[in-house]
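Report on the following structure.
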Amino acid sequence: MSDNEEVVEEYEEEGEEEAAEEPAQEEEQPAAEEEATEEQDGDGETEEGEEEEAKPKFKPFIMPNLIPPKIPDGEKVDFDDIHRKRMEKDLMELQTLIEVHFESRKKEEEELINLKDRIEKRRSERAEQHRIRSEREKERQKRLEEEKARKEEEEAKKRAEDDAKKKKTLTSLHFGGYMQKLTEKRSGKRQTEREKKKKILSERRKSLDIENMSQDRLKEKAKELWEWMYQLEAEKFELQYQFASQKYEINVLRNRVSDHQKTSKRTKRGLRK
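Residue numbers for the sequence shown follow the UniProt record's numbering, beginning at 1 and rising by one.
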């Protein structure tokens, strides 16, 4: 049974109930009129008693005649169509909400992907910077170790040469030959020192090769040269400080030796006397 038929049956049942109530209301109306006429006849005889014992009269409620609405035969309401249209409207609203939700979610996912890309890019840049710093630190440590080894080698060689000189001076008996050998050694020593200096400078001087470098590579090269110059200045300062301290120690030792020689001469003179 369709919704139209159910509505029509409900309206027909209501109309039958109202039609059954109408005769009862019509019967009640003449009875009420007869009672009213009898009361009017008795009013002349017992006006005094009724005035003393007057009470409110009950008026019966009259139900108005309600006509059930009738649906015209030519224009029947299609509840299925209404329900279908409502469902289509709800479905369209739901689809719109779903599309909006997916669009917002798509934007959020794109933002998340962009954020991840930026984080990964920053992480790779930091790793590259850390790698460059570690390589530079390794190179610096390597240079320091090489410089230290070279200094130790030079000092050992110098000590060996000094020991050899002392031995030769002790074994040499002829003063002239000793002086000649000494001059030859000094000239040879100067020559060797110059050669060492040239060798060190040739090792430290590096070719730039900046013709085919990009702008970023030129910046890195300039930064490397600045760091190298800074390191050389630091080494120069350390060497100057070391030279000054050694010079001071030599002067102090010379003064002590001279004082010791003076005291030894005085003691010898006192013993001779």
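All residues carry an ideal CB built from backbone N, CA and C; glycine is no exception.
Nothing here was measured: the structure is a model prediction, and the numbers come from that model.
Report the rounded CA-to-CA distance for residue i versus residue j, giving the unit in angstroms.
| i | j | result |
| --- | --- | --- |
| residue 85 | residue 96 | 16 Å |
| residue 148 | residue 192 | 20 Å |
| residue 162 | residue 124 | 56 Å |
| residue 156 | residue 118 | 56 Å |
| residue 83 | residue 90 | 10 Å |
| residue 247 | residue 215 | 47 Å |
| residue 101 | residue 129 | 42 Å |
| residue 237 | residue 201 | 18 Å |
| residue 108 | residue 217 | 39 Å |
| residue 120 | residue 112 | 12 Å |
| residue 265 | residue 259 | 10 Å |
| residue 256 | residue 126 | 59 Å |
| residue 254 | residue 211 | 56 Å |
| residue 93 | residue 103 | 15 Å |
| residue 244 | residue 250 | 10 Å |
| residue 81 | residue 105 | 35 Å |
| residue 263 | residue 166 | 26 Å |
| residue 164 | residue 226 | 43 Å |
| residue 239 | residue 115 | 52 Å |
| residue 160 | residue 267 | 36 Å |
| residue 241 | residue 144 | 18 Å |
| residue 98 | residue 219 | 54 Å |
| residue 24 | residue 87 | With a pLDDT of 46 at residue 24, under the threshold of 50, the modelled position of this residue cannot be trusted; read the value that follows with caution. In a straight line, the C-alpha of residue 24 is about 47 Å away from that of residue 87. |
| residue 261 | residue 138 | 52 Å |
| residue 194 | residue 142 | 25 Å |
| residue 131 | residue 152 | 31 Å |
| residue 235 | residue 110 | 54 Å |
| residue 176 | residue 158 | Because residue 176 carries a pLDDT of 48, less than 50, the predicted location of this residue cannot be relied on, and the following value inherits that uncertainty. C-alpha separation (whole angstroms): 25 Å. |
Are the beta-carbon atoms of residue i and residue j separated by less than 9 Å?
| i | j | result |
| --- | --- | --- |
| residue 231 | residue 140 | yes |
| residue 233 | residue 136 | no |
| residue 221 | residue 213 | yes |
| residue 196 | residue 154 | yes |
Of all the options the options, which has the alpha carbon lying nearest to the alpha carbon of residue i?
| i | options | result |
| --- | --- | --- |
| residue 199 | 150, 107, 87 and 257 | 150 |
| residue 203 | 122, 110 and 146 | 146 |
Any heavy atom of the ligand GDP inside 8 Å of the beta-carbon of residue i?
| i | result |
| --- | --- |
| residue 83 | With respect to small molecules bound, the structure shown includes none, and the ligand GDP cannot be examined in it. |
Can you confirm whether residue i, when its beta carbon is compared against all beta carbons of chain D, has any partner nearer than 9 Å?
| i | result |
| --- | --- |
| residue 123 | Although the question refers to chain D, the structure presented lacks it and comprises just one protein chain. |
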